[in-house]
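In the working numbering, the protein residues as written are 1110 to 1252.
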Amino acid sequence: MERPNPHDFRRIALPALAAAAMLAISAPLLAQQAGDAGELPKGNTPEEVAQRKIANEQQAEFASGQLQNNANSQAEYERKLKEVEEAKARIAADQAAAEAAYEAEKAKREQDYQAAMAKWRDDVDACKAGELARCGAAPAPRP
1110 MERPNPHDFR RIALPALAAA AMLAISAPLL AQQAGDAGEL PKGNTPEEVA
1160 QRKIANEQQA EFASGQLQNN ANSQAEYERK LKEVEEAKAR IAADQAAAEA
1210 AYEAEKAKRE QDYQAAMAKW RDDVDACKAG ELARCGAAPA PRP
């Protein structure tokens, strides 16, 4: 026996839900059309219509406020995201500068070391050749 496909529900239920939503939307529209002719739909007193109009205006105002809050939140998020990206760029630049300074210092110390070793070798060779002035000082006696 074939297993039911879980996606079949969507193919069946979604169109049914869409049809129900369209029916729910169209009913008030039909009622409004009947009211446009100067007559109110059955069960709608002028007070109920006025209350519904006020409620709709309040809802529209509330929705507008929500949209403005969403836009403000999005702008704040984007501003903070930009700050984070700028901070990351500064950190990367600082790290690159620190690494460059470290490598420069390392190269200078290596160069100084090689120069000191070359001088020492020359002094040792000169000392062995008899130039006593270039011989290192004798170590200090131990107490």
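Ideal placement from N, C-alpha and C gives every residue a C-beta, glycine not left out.
Cα separation between Ser-1182 and Arg-1188?
10 angstroms
Using 9 angstroms as the threshold, is the C-beta distance between Asp-1232 and Arg-1243 below it?
yes
What are the boundary residues of the alpha helix (DSSP H) that includes Gly-1174?
1155-1237
Taking just the CA atoms, how far does Glu-1192 sit from Ala-1206?
21 angstroms
By Cβ distance, which residues of its chain are closer than 8 angstroms to Gln-1220, with the 5 residues on each side in sequence left out?
So the list is empty, once near-sequence residues are dropped.
Mapping the DSSP letters down to three states, classify Ala-1246 as helix, strand or coil.
coil
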